[in-house]
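These protein sequence lines map, in sequence, to chains B, P, G and Y.
Counting in the working numbering, the first sequence runs from 1 upward without gaps.
Counting in the working numbering, the second sequence runs from 390 upward without gaps.
Counting in the working numbering, the third sequence runs from 779 upward without gaps.
Counting in the working numbering, the fourth sequence runs from 1135 upward without gaps.
Positions of the beta carbon are idealized from the N, C-alpha and C atoms, including for glycine.
Have a look at the structure below before the remarks.
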Amino acid sequence: MDLAFSPEDERFREQARDWLATNVPRDPRPQEGPEMREFDSAWQRRQFDGGWAGVSWPTEHGGLGLSTVRQLIWHEEYARAGAPYIGSLFSAVNYGGPALTIEGTPEQQAAHLPRILRGEEVWSQGFSEPEAGSDLAGLRTRGVVDGDELVVTGQKIWSSYAQIADFHFCLVRTDPERPRHKGLTWVLIDLRSPGITVRPIKTMARDLHFCEVFYDEARVPLGNVVGGLHNGWKVAMSTLTLERGTAFMADQVSFERTVDALVVEAASRPGPRGTGRALDDAGVARQLADLKTVAGALRSLSYRSISTLERTGAPGPEGSMMRLYLGEANQRLGRAAMDVLGVEGLAFVAHWRKGWSGHWLRHFASTIGAGTAEIQRNVVGERVLGLPR
Amino acid sequence: MDLAFSPEDERFREQARDWLATNVPRDPRPQEGPEMREFDSAWQRRQFDGGWAGVSWPTEHGGLGLSTVRQLIWHEEYARAGAPYIGSLFSAVNYGGPALTIEGTPEQQAAHLPRILRGEEVWSQGFSEPEAGSDLAGLRTRGVVDGDELVVTGQKIWSSYAQIADFHFCLVRTDPERPRHKGLTWVLIDLRSPGITVRPIKTMARDLHFCEVFYDEARVPLGNVVGGLHNGWKVAMSTLTLERGTAFMADQVSFERTVDALVVEAASRPGPRGTGRALDDAGVARQLADLKTVAGALRSLSYRSISTLERTGAPGPEGSMMRLYLGEANQRLGRAAMDVLGVEGLAFVAHWRKGWSGHWLRHFASTIGAGTAEIQRNVVGERVLGLPR
Amino acid sequence: MDVLADADQAEITALAREFLTERLGPDQAHAVADGRAVVDAALLGRAAELGWFGLGLPESRGGAGYGLLEEIAVFREIGRAVSPGPLLPMVLAARIAVLGGADSQAEGLLSGTLRAAWAEPVPGAATVTAERVSGRFASFDPERADVLVVVTPEVAVLVPAPDGSAAVPSVDPTISTLVAELEVAPLAVLPADADPVYLRGLLLSAAALVGSAQRTTEMAVEHAGTREAFGRPIGTYQAIKHRCADMWMRTQAADAHLVYAALALDSGGKVEADLPGLAHGARSLAAEAAARNGEAVVQVHGAMGYTWEHDSGLHIGRAEVLRRWFGGPAADVDAVLASVPLSDPRTTISQAGETP
Amino acid sequence: MDVLADADQAEITALAREFLTERLGPDQAHAVADGRAVVDAALLGRAAELGWFGLGLPESRGGAGYGLLEEIAVFREIGRAVSPGPLLPMVLAARIAVLGGADSQAEGLLSGTLRAAWAEPVPGAATVTAERVSGRFASFDPERADVLVVVTPEVAVLVPAPDGSAAVPSVDPTISTLVAELEVAPLAVLPADADPVYLRGLLLSAAALVGSAQRTTEMAVEHAGTREAFGRPIGTYQAIKHRCADMWMRTQAADAHLVYAALALDSGGKVEADLPGLAHGARSLAAEAAARNGEAVVQVHGAMGYTWEHDSGLHIGRAEVLRRWFGGPAADVDAVLASVPLSDPRTTISQAGETP
């Protein structure tokens, strides 16, 4: 047992830190529209040119093929350097692309992976539907094989960044006769195809990155099916495992910085009765100490998960809880921040660097997205603890 | 709408207050054994002799037959006077006896009700079984009709005060062929009958008032069946409605006094860092203010429930939540008290007048007894809100 | 003793619901949030015609002569409807002007031609007396306001509204906010010993919060009963069912305590002496119910509940704003604890509380 | 970097579990609670033979030469087994005596012939220096003790045990307690700059709490999987299933953070500089996990979990006692917040945290 990294890992950390120190963009990341895409792409291109794109991607697909320990180091240094949120490239770089490295054909890989790594291709996920949220296998969007094409009709929802994306990777029902999980297909759809309408959905946090995507007999080449017809459930599960795994490690590191910022905020403002510091309010202090500790515990859990992965080839069961644990902590953080600011903190402020209300509102989604809290607790209860369904 | 009581009600309140002021026993109530029973009986007898026994009982059965408003007033004055907990007479006076006034035959009523009102008869409830807790209808204790007797074999558990009681009112399965709810019978069993063994169960709060009661072919006269053979479920439900209704109104009033005592405690002790008062710790203050408010809200809910009863003849749906609401508040109170006392409060102290750890431990049972928190939330969700089962 | 609504109050509730549904309900709130509409003088005039701004004022002074309970019935509906517009400031401003003898303001406020906005003192940074209002205040919807309402436990005043054009959107998308310095003399003054306007306003804000909690409970229950997942209505799952039960429980407790506190205040303290503790207690339950139910209604609705189009965000934002008025949660804690007698009940009684 | 137990540690865990199950497990704890047994010198001698009291001391000083992680492995098992007896005070007392150069006490403590008990300073009412221990202390199991262990962030000392015959049962039915005044000079002194005995002890107590949380999780999961209600195992109901999931989550987080903190402490602060914040954070997670799991395990077991015979009461009492040592929850809050840098990360970085 040892917390220390190997000298080689430490050298990698230094190199990453050095490169990030001089290359992280200092301009604020635009929050919407083509400017956002342009910013995200340019930053990805810069990482690619610097030899840092695809830390965890296999080398045969242009990645660095590094160990999970080095991914961890990269994420830690990335966050420490204040590098931009990956934003619109999240789906392609962090899990859609990696899924293609596992499930795609050589042709599919050649067509997309280099472009993704260079920041030239934006993907969006199309799994959820209005009538199939938590119950993913209940989805209804149809894909009918017609010659060498799939004709897709239906509606997807909660597709992040679809309004600026090039491709939509969807799960569609290609065989309604088979059992629910067995008639689905995973397919990559060019969003510029005829018959597709994208409508952004404004959230209660007032941002526009979720979209509805409507399909009206859109025609997709069968060559875009990944993992084979009717085999989509398996592909989707491996995609989701990636989404729920290391892909959000950066979020954990940034959570700790957000907690630190709130402690500083509470130390510099008066308490709820106008006296002392907010941080001297024992209730506030207890909440903030709890959040700071949770931030540390998430790091400790990551270390444990990575150690297990390194030793056994599979991550430990911690992974199934970390996203929920972080999401609920972010919700508590939001509420604590609103209490610290009191009546002076009621202005809507989108970005946490200028205020807290946006953080508070945004994290109402943290126990819904990527599996509701209820589903995630079911998963822990059933798959980890072995309780009956 | 009016909070004021009628002049007649106010006169009743004054009379109750006057009588209680001079008659409430000042000796501490013994916590165990025959001394406890003797104390409880003597106090009940005193109320009977003073004309105050059975405030809510029908006049034809020796009660005062008073309105729910007057019951409320009596409970309020009773608690305000610091009158003793009803203790071992709870089951007979507060809901077993009242159930008999509704469901019993004239012979049964004549045999028991006067003795109960005079404090001469102690009853204990025998509904739960080791394999049938929340799922009451799953009970297995058998009652076989043999001539003019019922032969009872099985095991009951969580029967309060059975070790000092005279009678055990049980739900037994008399027809295993019928559907679960339809083959049960409510029967009153003399605990001195042969074939009955009573074993007290010590709790983690270190008291001994719960018992197991074992039946080995105990013979019970059929005349002790209440409400008819195989009709026990209906009788039990009306019993439980009484148990969960106004019967625990006194607990609510005493809860507020307990909160007040903890506030005084927190105002007279140093805070968790040894500085100031514990009450100046904003976290402690928030908890105590919450508890004080919950105490008030319970009173407000009682008033609403009684108003509904007076107007419509049936209590409002509030009743189904109040016991759980109080139980959870008592648990929070226990935790808050342990925090207020800190490392100096770890001695086990049974009675709240001398310390708080007994209160804390005792209320672990508050979300289990008389229907677990889970069952009670199901009831609210299904019967009050109409959600599907 | 009877704490249930009487026929008159039920009628007031029904009328209010009808008007609000048509003119000042969630649809209008969404329109205001989207910038497609404003609550203008005409709309305030309509509410004034219904007598809302003088509901609790004597008929001899231009009011409707109703009591606090009727005002509460209306504000519960306002909360259910997440009505946009400065309804609470208007009602309190009219009361201050009428009872404080500021006749010219009184007329304008009762008729809805003069517009009031809320100004909440920033704790520790503001001073409010009958002579002077100074320091930092958070105002809400100040842009078109003529007067600001400032209410403390000691005194309630109206002051001329300063330039509010720098106001920004708040977490309630129908309400703007501005934190700024004031240094001004009141136009109208109503001391607490003349009228408990602080406590009345506190209870009206609690009523709006209770109404919101009632509505979000209904929304959650309705969705849980119809939305299906894995072949069953989601309300059959205990995680959802129990959440709905808790929403209902919180709301019932808050509403019952609100009515109790209002009846006690209406009785002038004859029934219960500790009016501030009661009223702040009722507000704290209402605020917690509205805020926790806001979280729960989103969770029950899933992603749909997180959208801008859904009503949940309106309820969440409104609850967060309202619960910060009247001193916010810290004032609730202080007032409730101030009501606890300092003698130890354990030494003054013999046995109560020795529950098993 | 590898934070998983190695083969040696796994063996230590297995051996400890075997010994504890046989000699110092729940059965013995119940026997002590019922007054049918005491943890006597013979039993302490057996533990001493296993080398437990010097596990983390150098072999050259009579110890086993293991590190903190091995001690943690043992104390996790002690927590799982709710072992009766003053094991934590013995380990810390031996460390203080050995490293503090109090040779005569050292020998007795390592061999289990000298008996130690815990004395926790009452905040604000006690003073502990290398020269003097005075003021009010809560001691635990003081009756048969020879020395009391007093540990603060600055200094750790042993003092002669005063008369403990007035001790009364605590909420942990295997442990007695006595709050009394001390005024005495230390027998042995170990300053924090010579050895971080405070932080080591804090982590050992956290390990016992984590072990308890692990065990109650297992108990709840096992019961939920087998006990039936309404024809189904109760673990199929979300109220129970999700409660079990939360028990597991809390425990995993607490255990992972405990190991991280211990490795950091063992590295002498090379990896992580903020050792007090880390250690107190780990303890607070462990204490919360043990206490909340204690509540949950009773609820999952229903009335059965509330009985004296059940193990749940042992875990609940133990957690409540242990979490009040080392300054209790307030010390955790203070130490964790002291670790936060005072410069605002929002002004020192550009974009991190702008998650969607």
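By the Cβ criterion, the stretch 122 to 136 of chain B is in contact with the stretch 158 to 170 of chain B, since at least three pairs of Cβ atoms, one from each stretch, lie closer than 8 Å.
Counting the other CB atoms within 10 Å of its CB gives B/Glu107 a total below 16, which places it among the exposed residues. Relative to G/Glu1000, the option among G/Gly1009, G/Ala872, G/Gly832 and G/His1079 whose CA is nearest is G/His1079.
For the stretch 719 to 739 of chain P, the set of positions with a beta-carbon nearer than 9 Å to some beta-carbon of chain Y reads Gln720, Arg724, Met727, Asp728, Gly731, Val732, Glu733, Gly734, Leu735, Ala736, Phe737 and Val738 in chain order. With a 10 Å radius around the Cβ and a threshold of 16 neighbouring Cβ atoms, P/Met626 comes out exposed. Residues of the same chain with a CB within less than 6 Å of the CB of Y/Leu1221, apart from the 5 flanking positions on each side, are Ile1212 in chain order.
Neighbourhood of Y/Tyr1371 in chain G, by CB distance below 8 Å: Gln1016, in chain order.
Residues of chain P whose Cβ lies closer than 7 Å to the Cβ of B/Gly283 are, in chain order, Ala671, Gly672 and Arg675.
With 16 or more neighbouring CB atoms inside 10 Å of its own CB, Y/Pro1160 falls in the buried class.
C-alpha of Y/Gly1335 to C-alpha of P/Pro659: approximately 26 Å in a straight line. Pairing B/Phe214 with B/Ile201 gives a Cβ-Cβ distance that is not under 8 Å. Contacts with chain G (Cβ-Cβ distance below 9 Å) from the stretch 580 to 593 of chain P involve no residue at all.
For B/Ile201, the beta-bridge partners assigned by DSSP are B/Phe210.
Counting of Cβ neighbours within 10 angstroms places G/Ala820 among the exposed residues, the total staying below 16. Under the three-state reduction of DSSP, G/Pro899 is assigned to strand. For G/Pro938, the enclosing beta strand (DSSP E) stretches over residues Val933 to Pro938.
In the three-state DSSP reduction, B/Gln155 falls in the strand class (E or B). In this structure, DSSP gives B/Phe167 an extended state, which the three-state scheme calls strand.
Per the coordinates, the alpha-carbon of P/Leu489 lies some 16 Å from the alpha-carbon of P/Ala442.
Any Cβ of chain Y closer than 8 Å to the Cβ of B/Glu318 would place that residue at the interface, and such an atom is present.
Contact check between the stretch 150 to 164 of chain B and the stretch 215 to 228 of chain B: three or more CB pairs, one atom from each, fall below 8 Å, which counts as touching.
Apart from the 5 residues on each side of it in sequence, Y/Ala1301 sits with its Cβ closer than 7 Å to the Cβ of Pro1276, Glu1277, Ser1310, Thr1311 and Leu1312 in its chain, given in chain order.
Contacts with chain B (Cβ-Cβ distance below 7 Å) from the stretch 793 to 826 of chain G involve no residue at all. Under the 10 Å beta carbon count, G/Gly1072 is surrounded by 16 or more other beta carbons and is classified as buried.
Below 8 Å, enough C-beta pairs join the stretch 1321 to 1336 of chain Y and the stretch 1279 to 1295 of chain Y to call them touching: three or more. DSSP places Y/Thr1385 within a helical segment (H, G or I) once states are collapsed to three.
Nearest Cα to Y/Ala1295 within the set Y/Leu1316, Y/Pro1307, Y/Ala1379 and Y/Pro1479: Y/Leu1316. Contact annotation for P/Lys681 against chain G: Gly1055, Gly1059, Val1114, Leu1115, Ser1117 and Val1118 [CB-CB distance below 9 Å, chain order]. Straight across, the Cα-Cα distance linking P/Gly439 with P/Ile462 is about 17 Å. Membership of B/Phe12 in the alpha helix (DSSP H) is indicated by the continuous run Pro7 to Asn23.
Put simply, the backbone Cα of B/Gly62 is about 8 Å away from that of B/Leu117.
Every alpha helix (DSSP H) of 4 residues or more that sits fully in the stretch 1207 to 1250 of chain Y is shown, in chain order, as 1221 to 1233 and 1237 to 1245. Here the C-alpha atom of P/Arg529 lies approximately 23 Å from the C-alpha atom of Y/His1444. G/Ser882 counts as exposed, since fewer than 16 other beta carbons sit within 10 angstroms of its beta carbon.
Boundaries cannot be given for B/Pro176, as no beta strand (DSSP E) includes it and DSSP labels it neither H nor E. When the alpha-carbon of G/Glu1098 is set against those of G/Ala1060, G/Val1037 and G/Ala1069, the nearest one is in G/Ala1069.
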